[in-house]
Amino acid sequence: MSLVVRITAPMGAETLDVAFEAPAGPLAIIGPNGSGKTTLLRALVGAVKPRAGRIEADGDVLFDADAGVDRPIEQRRVAYVPQGYGLFPHLSVLDNVAFGLDGGRDERRVRARAMLDTFDCGHLAARRPRRLSGGEQQRVALARALVTEPRLLLLDEPLSALDASVRRVVRALLAERLRALGRPSIVVTHDVRDVAALDAPVCVLDGGRVIQRGPLAALRAAPANAFVAEFVGV
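Written out as structure tokens, the structure is:
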């Protein structure tokens, strides 16, 4: 399974112009604020329409400007965890996680509870999102994204709301789940420890373009700019 991306898309006053491939497993996306990271995720999920190019996931074309293909969000099987979590305020935690699953209500709830237990959130099942801390909301959002076993998983700063002690545990759990998923996943992060734990190749965006790509060791050996050097601690 792989992801092939070659697109140009509107990005405020600038243009996102990227081309890359991602095999099964996580790919870390880093870059300064305004570099195009979130625009890229929104284009992949279908919330932003590229001006040109092609997006292909696991051999299935999600977007092709030349061929007139633009699959709607609900048909892409792309799970997206935004920075704002995206939980439904009127549903319980359990029903939030079960929302995107197929099958009967009881079956969906059993699968949702099992995923919540994986993230040590089973005790939160009856609560509404407004009664959760930021870290709890983030873990529930991760559970909801992973329970559907998507063909592509997009995570925008998935650990940013967690305190340091919880972050270490969830970081390790996330790395394990992404490896077990066996599908491409893109993780936007500002923390080099996330990249190290995921053991993921890195794609650096700046000004809407890919300026460097490679493993963390290669970025440390030859950072492309001052941002990369600061990110990797050189």
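Take this note's numbering: the final residue in the sequence shown is number 578, and no numbers are missing along the way. No residue lacks a Cβ here, since even glycine has one placed at the ideal position from N, Cα and C.
- In this model, residue 506 and residue 464 are separated by some 14 Å (Cα to Cα).
- Taking C-beta separations shorter than 6 Å and ignoring five residues to either side along the sequence, the partners of residue 358 in its chain run 552, following chain order.
- Taking C-beta atoms under 8 Å as the contact rule, residue 499 and residue 525 fail to qualify, at a distance of about 12 Å.
- Take residue 561, set aside five residues on each side of it, and no residue of its chain has a beta-carbon closer than 6 Å to its own.
- Taken through DSSP and simplified to helix, strand or coil, residue 383 comes out as helix.
- Taking a C-beta distance under 8 Å as the contact criterion, residue 411 and residue 351 do not qualify as a contact pair.
- The beta carbon of residue 510 is closer than 7 Å to those of 479 in its chain, skipping five residues each way along the sequence.
- Note on geometry: alpha-carbon atoms of residue 417 and residue 571 lie some 33 Å from one another.
- Per DSSP, the beta-bridge partners of residue 529 are 370, 497.
- Judged by DSSP secondary structure, residue 564 falls outside any beta strand (DSSP E) and instead within the alpha helix (DSSP H) spanning 560-565.
- Between residue 415 and residue 538, the alpha-carbon positions lie close to 31 Å from each other.
- With contacts defined by Cβ atoms closer than 8 Å, residue 528 and residue 406 do not form a contacting pair.
- DSSP, read as helix, strand or coil, puts residue 556 in strand.
- The beta carbon of residue 361 lies closer than 7 Å to those of 352, 552, 553 in the same chain, with the five residues before and after it left out.
- In the three-state DSSP reduction, residue 549 falls in the strand class (E or B).
- When rounded, the separation of the alpha-carbon atoms in residue 430 and residue 424 is 9 Å.
- Ranking 367, 356, 363 by CA distance to the CA of residue 523 puts 367 first.
- The straight-line gap separating the alpha-carbon atoms of residue 422 and residue 387 is approximately 11 Å.
- Taking the C-beta atoms as reference points, residue 453 is found nearer than 8 Å to residue 438.
- C-alpha of residue 392 to C-alpha of residue 447: approximately 30 Å in a straight line.
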